Amino acid sequence: MAKNRTPIVKLSRRLGIAIGKEHYVRRRPYPPGIHGPKYARRRPRLSAYAEQLLEKQKAKAIYGIMEKQFRNYFDKASRHPDNTSEVLVRQLELRLDNVVYRLGFAKTRRQSRQMVGHRFFLVNDKPVDIPSYKMTIGDVISFRESKKSTGLVKQIAETMKLNPMPKWVSRDEKVLTGKVTSIPEGDDLDQPFDPTFIVEFYSR
Numbered sequence: 022m023a024k025n026r027t028p029i030v031k032l033s034r035r036l037g038i039a040i041g042k043e044h045y046v047r048r049r050p051y052p053p054g055i056h057g058p059k060y061a062r063r064r065p066r067l068s069a070y071a072e073q074l075l076e077k078q079k080a081k082a083i084y085g086i087m088e089k090q091f092r093n094y095f096d097k098a099s100r101h102p103d104n105t106s107e108v109l110v111r112q113l114e115l116r117l118d119n120v121v122y123r124l125g126f127a128k129t130r131r132q133s134r135q136m137v138g139h140r141f142f143l144v145n146d147k148p149v150d151i152p153s154y155k156m157t158i159g160d161v162i163s164f165r166e167s168k169k170s171t172g173l174v175k176q177i178a179e180t181m182k183l184n185p186m187p188k189w190v191s192r193d194e195k196v197l198t199g200k201v202t203s204i205p206e207g208d209d210l211d212q213p214f215d216p217t218f219i220v221e222f223y224s225r
């Protein structure tokens, strides 16, 4: 499976956003490299195409998705009768690895993807190790018993405090289960990127 192996620090600074819990953009608000500081003093004006491309790259980096899979999400969203940009973000939010992150069971999406791949979770009492698995309303996530003794799970109480939980999911902190209670909509779809630019990019 293809992966983006760019260091998280470099990727965050290049795109101008904090990916996961990283905060390097605030410390050095310019791209990496010898010419990076010039952007802090005078950021060049981007063309319409460059702006659209940048928003797409942000979305891919945030959710850890490569181009082929991301394009598949867009193609599905474009065939849906509802607003394409909203459907696109909704599909990304309902990925299993993202739901695990939103529930506070992992510190970052990268960590949640790794935990899913290592079969930490059950979905409706069945083991699932596919990060892109599509969650639906009523689906319940729980930890496998064999994983509850690991260090990651023992730190869950602290991990759950790091990120606010959206209203479209719920969790039981005593038994460490989470549930998708509704579809993401409205403010739940707000992201550090503009999905309308992504729609424009692919619609050229």
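Yeah, the sequence shown ends on 225 if you go by this note's numbering, and it's all consecutive.
Backbone N, C-alpha and C fix where the C-beta goes; we use that ideal spot for every residue, glycine too.
None of the values given here were measured: they were computed from a predicted structure.
Check                                                                                                                        : Outcome
Contact check, residue 198 vs residue 161, beta carbons under 7 Å                                                            : yes
Rounded separation between residue 131 and residue 104 - CA only                                                             : 28 Å
Top-ranked residue by Cα proximity to residue 36, from 81, 120, 145 and 89                                                   : 81
DSSP-derived helix/strand/coil call for residue 180                                                                          : helix
Residue 169 to residue 112 span [Cα, whole Å]                                                                                : 29 Å
Euclidean distance between Cα positions of residue 222 and residue 154                                                       : 26 Å
CA-to-CA distance, residue 139 to residue 206, given in whole angstroms                                                      : 30 Å
Residues of its chain near residue 236, where Cβ-Cβ distance is below 7 Å and the 5 sequence neighbours each way are ignored : Coverage of the chain is limited to positions 22 through 225, which leaves residue 236 absent and any answer about it impossible.
DSSP-derived helix/strand/coil call for residue 195                                                                          : coil
Cβ neighbour criterion (16 or more within 10 Å) applied to residue 99                                                        : exposed
Nearest neighbour of residue 16, chosen from 38, 128 and 178 [CA to CA]                                                      : Here the chain has residues from 22 to 225 only, and residue 16 is not among them.
Length of the line joining the Cα atoms of residue 224 and residue 167                                                       : 47 Å
Status (buried if at least 16 other CB within 10 Å, exposed otherwise) for residue 83                                        : buried
Cβ-based burial, residue 73 [other Cβ within 10 Å; buried from 16]                                                           : buried
Residue 219 versus 144, 67, 165 and 107, residue with shortest Cα-Cα distance                                                : 107
Residue span of the alpha helix (DSSP H) that contains residue 220, given as start and end                                   : 216-223
Under 7 Å between C-beta atoms of residue 183 and residue 152                                                                : no
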